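Enquirer:
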């Protein structure tokens, strides 16, 4: 059975390849453990994945990046200086920028996957 990802690649192979390259760069550009934590948060917020992150067990750094991820998903235009400053308490400007670019790539990828399940192959791909 063809998956939604296979259908997306068939419809737009260049776009699918570019997105795959962007994801490779995203994972190389920032702390992969932190990015995985935030990817899980994205999946919870956007795709109904189980909320298995124990915020109380996280470091202050991880909580700051999770809080930023929450705001980023709900309204990137509403990200505040305070939320950015919270990240800068744990990383420099370049590291924060790389994280944000990586987070954007993962969010965009997840949104495309969600849309693809509905638009390209709803009868073939389970939600």
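In this note's numbering, the protein residues as written are 2 to 128. Positions of the beta carbon are idealized from the N, C-alpha and C atoms, including for glycine. The structure presented is a predicted model; accordingly, all values stated were derived computationally and were not measured.
Check each candidate in 117, 110, 119 and name the one with the smallest Cα separation from residue 44.
Expert: Nearest of 117, 110, 119 to residue 44, Cα basis: 110.
Enquirer: Can you give me the C-alpha to C-alpha distance between residue 93 and residue 41, rounded to a whole angstrom?
Expert: The alpha-carbon atoms of residue 93 and residue 41 are separated by roughly 23 Å.
Enquirer: Give the single residue among 81, 87, 51, 83 whose Cα lies nearest to the Cα of residue 61.
Expert: Nearest option by C-alpha distance: 87.
Enquirer: Could you give the residue range of the alpha helix (DSSP H) that holds residue 106?
Expert: Start and end: 94 to 120.
Enquirer: Can you tell me which of 32, 64, 91, 36 puts its alpha carbon nearest to the alpha carbon of residue 107?
Expert: Out of 32, 64, 91, 36, 36 has the C-alpha closest to the C-alpha of residue 107.
Enquirer: Helix, strand or coil, according to DSSP, for residue 79 in the structure here?
Expert: Residue 79: helix per DSSP, three-state reduction.
Enquirer: Does DSSP classify residue 3 as helix, strand or coil?
Expert: Residue state, collapsed to three classes: coil.
Enquirer: Check whether the Cβ atoms of residue 8 and residue 17 sit closer than 7 Å, and answer yes or no.
Expert: No.
Enquirer: Within this structure, are the beta carbons of residue 31 and residue 99 separated by less than 7 Å?
Expert: Yes, these two residues count as a Cβ contact at 7 Å.
Enquirer: Do residue 48 and residue 113 count as a contact pair if the criterion is CB distance below 7 Å?
Expert: Taking 7 Å as the Cβ cut-off, residue 113 and residue 48 do not qualify as a contacting pair.
Enquirer: Taking its Cβ as the centre, do 16 or more other Cβ atoms sit within 10 Å of residue 78, making it buried, or is it exposed?
Expert: It is exposed - the Cβ of residue 78 has fewer than 16 other Cβ atoms within 10 Å.
Enquirer: Tell me the residue span of the alpha helix (DSSP H) that contains residue 48.
Expert: 33 to 48 is the extent of the alpha helix (DSSP H) around residue 48.
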